[in-house]
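Enquirer:
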């Protein structure tokens with residue numbers, strides 16, 4: 605099994621193999637079913653969400669927060685929020701999150717140029733000034749402790765980001781400090797062809 | 712609507728009503744309210760599992776210190792009602808004499824270097840008697856803190872209050 609784990613960054617979304625047992629739908633409590641948004645017409649729930657259902661209070665508040673940070677109107681563009689998410693996921697080596705959000709970035713931009721460059725060359729990738737400012741900030745904010753400083757904030761301002769856009773970048777990057785610590789810690793990314 | 716100006720994220724991030732960053736914070740009031748709800752859900756849930764609220768507050772203070780956020784650490788630590796877990800807030804304590812070494816080793820590694828976590832780290836927790844549900848609870852606590860501490864660090868830079 606181990607040899608089927610994906611270790612290289614890719615836009616091909618792997619299968620997520622949990623390291624702990626997901627909650628079984630037939631054993632789920634009312635609170636779990638409600639947080640899972642299971643209805644008679646919607647009984648398809650991913651293993652990832654079924655694992656998170658073990659801590660139902662967190663799951664119930666996390667999903668709306670996640671959606672608000674990544675999709676609410678105004679502020680930073682959708683693609684640029686994905687780039688913040690990707691910066692965090694690369695630092696934390698969350699292959700699964702990086703694949704999902706690199707694929708979304710490529711889809712939104714209708715181009716694989718930026719994510720190809722990031723996967724090939726990491727921090728040394730050749731990026732536009734705007735993407736460079738985003739990626740450097742996201743990468744440094746994702747360290748423990750954060751390595752982002754006033755010069756990174758100045759670089760964002762010089763690249764033309766306004767205050768609302770910068771807050772959205774902070775939020776989308778920080779959010780993947782959270783998501784990566786669930787996805788990368790609680791499961792393995794495995795090749796789809798190995799799916800049972 | 713809760714008062715976003717009193718939330719941990721804005722207070723510790725140094726963003727005040729009318730000050731630098733406040734217009735952006737107002738635009739994202741809903742996110743900040745949801746962040747506050749998530750803080751409550753990981754630090755003082757109704758079902759704590761094996762990890763009581765005082766232990767969660769002390770672990771939060773510890774992780775804030777690993778992130779170089781002393782003031783946030785003190786804020787989390789102040790949530791403790793008693794002193795049973797206060798020692799945990801000190802990153803130098805490894806829990807060896809308290810039967811918590813596996814839990815603390817895991818939490819420190821997830822906070823500091825999540826990239827280095829592998830299947831074996833979860834297996835070690837299981838071998839120490841931690842249930843699957845309690846493993847997920849530890850991860851959610853740690854993961855939320857990673858988010859909030861980075862939000863605070865970013866807000867400080869925005870507000871110009873970073874040390």
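Chains as they are written, first to last, in the numbering used here: chain E, 605 to 800; chain W, 712 to 874.
Ideal Cβ positions, reconstructed from N, Cα and C, are used throughout, including at glycine.
1. To the nearest angstrom, report how far apart residue 631/E and residue 657/E are at their CA atoms.
2. Against chain W, does residue 705/E count as a neighbour if the rule is that its beta carbon must be under 8 Å from one of theirs?
3. According to DSSP, is residue 739/W part of a helix, a strand, or is it coil?
4. Could you name the residues of chain E that residue 814/W contacts, counting a contact when the two beta carbons are closer than 8 Å?
5. Could you round the C-beta distance between residue 741/E and residue 760/E to whole angstroms and report it? I think they count as a contact, below 8 Å.
6. Note down, in chain order, all residues in the region 773-800 of chain W with a beta-carbon under 8 Å from any beta-carbon belonging to chain E.
7. Provide the residue span of the alpha helix (DSSP H) that contains residue 865/W, from first to last.
8. For residue 701/E, which residues in chain W fall below 8 Å Cβ to Cβ?
9. Give a yes or no on whether 8 Å exceeds the smallest Cβ distance from residue 797/E to chain W.
10. Strictly under 8 Å for the Cβ-Cβ distance: is residue 839/W near chain E by that measure?
11. What are the partner residues of residue 791/E, as DSSP defines its beta bridges?
12. How big is the Cα-Cα spacing for residue 698/E and residue 732/W?
13. Any beta-carbon of chain W closer than 8 Å to the one on residue 619/E?
14. Which partner residues does residue 646/E have in the DSSP bridge list?
Expert: Looking at the atomic coordinates:
1. Residue 631/E sits at position 27 when you count from the first residue of the first chain. Residue 657/E sits at position 53 when you count from the first residue of the first chain. Answer to the nearest angstrom: the Cα atoms are 11 Å apart.
2. If you number the first chain from 1, residue 705/E lands on position 101. Not one beta carbon of chain W lies nearer than 8 Å to the beta carbon of residue 705/E.
3. The count along the second chain starts at 1 and reaches residue 739/W at position 28. Three-state result, residue 739/W: coil.
4. Numbered from its first residue, the second chain carries residue 814/W at position 103. Taking a Cβ-Cβ threshold of 8 Å, none of the residues of chain E is close to residue 814/W; the smallest such distance is about 14 Å.
5. If you number the first chain from 1, residue 741/E lands on position 137. If you number the first chain from 1, residue 760/E lands on position 156. In this structure, residue 741/E and residue 760/E form a Cβ contact; the two beta carbons are roughly 6 Å apart against a cut-off of 8 Å.
6. Within the region 773-800 of chain W, the residues whose Cβ lies closer than 8 Å to some Cβ of chain E are 777, 778, 779 and 780, listed in chain order.
7. Position 154 of the second chain, counted from the first residue, corresponds to residue 865/W. That run of the alpha helix (DSSP H) goes 843-870.
8. Position 97 of the first chain, counted from the start, is the residue given in the question as residue 701/E. Within chain W, not a single residue places a beta-carbon under 8 Å from that of residue 701/E; the smallest gap is close to 11 Å.
9. Along the first chain, one-based indexing puts residue 797/E at 193. No, residue 797/E does not count as interfacial toward chain W.
10. By one-based count along the second chain, residue 839/W stands at place 128. No, residue 839/W lies away from the interface with chain E (no Cβ there is under 8 Å from its Cβ).
11. As a working note, residue 791/E is residue 187 in the first chain. Paired residues: 622/E.
12. The count along the first chain starts at 1 and reaches residue 698/E at position 94. The count along the second chain starts at 1 and reaches residue 732/W at position 21. C-alpha separation (whole angstroms): 30 Å.
13. Here residue 619/E corresponds to residue number 15 of the first chain, with the count starting at 1. No - not a single Cβ of chain W is within 8 Å of the one on residue 619/E.
14. On the first chain, residue 646/E is found 42 positions in, with the first residue counted as 1. Bridge partners of residue 646/E: 643/E.
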